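**Q** The structure is given below, and queries will be raised subsequently.
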Amino acid sequence: MRWHLFLVSLVVLLILTLGACEQLAGFQNNKLRVVGTWQIYGGGFLSDSTYSFDTGIIKKDDYAWGTYSFVKHSEIEVELGGSTKIYTVEFVTDDKMIFYEIIDGKRYDRYEWRR
16 MRWHLFLVSL VVLLILTLGA CEQLAGFQNN KLRVVGTWQI YGGGFLSDST YSFDTGIIKK
76 DDYAWGTYSF VKHSEIEVEL GGSTKIYTVE FVTDDKMIFY EIIDGKRYDR YEWRR
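For the sequence shown, this note's numbering assigns the number 16 to the initial residue and increments by one for each residue that follows.
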C-alpha cells in the first residue's frame, strides 16, 4: 500500500514538473520572439519608424524609446515616457505580434507589429 501511495505521489510530481517546464519554455519562447526589428501596422500601412526590441530596451529609429519586460508568459509590461502599461501579447505569426488589453471582458487591440 505504501508503494502505491509513493508511486502515485511520484507520478503527480512528475506531471507538475513537466507542466512547469512547458510554461517556462513558452515564457522563454515569447522573450525570444519579441527580439528584433518591428514596425507598427495601422490603417493598412506600416509606420515609417522602426522599433527594435532587445534586452528589455525598445529603440525607435535607433534611439532609446522605452523599456519592456515579460511579467507572465503572455503579458508584457511596457514603459514609455514614464507611463507603464501591461499588455497581453499574441504572436499571430513569426512576423506579426499584437499587444492588446482585456477591459470588461472585451478585447482591445492597442498595437499591431510587423517585421
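All C-beta atoms in this analysis are idealised placements derived from N, C-alpha and C, irrespective of residue type, glycine included. These numbers were taken from a predicted model, which means no experiment stands behind them.
Smallest Cα separation from residue 109: which of 102, 128, 71?
**A** 128
**Q** List the endpoints of the continuous beta strand (DSSP E) containing residue 104.
**A** Per DSSP, residue 104 belongs to the beta strand (DSSP E) from 98 to 108.
**Q** Hey, residue 101 and residue 107: beta-carbon distance below 8 angstroms or not?
**A** no
**Q** In angstroms with no decimal places, state the Cα-to-Cα distance between residue 78 and residue 99.
**A** 19 angstroms
**Q** Would you tell me roughly how many angstroms separate the C-alpha atoms of residue 61 and residue 93, rounded to the nearest one?
**A** 21 angstroms
**Q** Do residue 123 and residue 55 have their C-beta atoms within less than 8 angstroms of each other?
**A** no
**Q** Quick check: the Cα distance between residue 89 and residue 45, rounded to an integer number of angstroms?
**A** 7 angstroms
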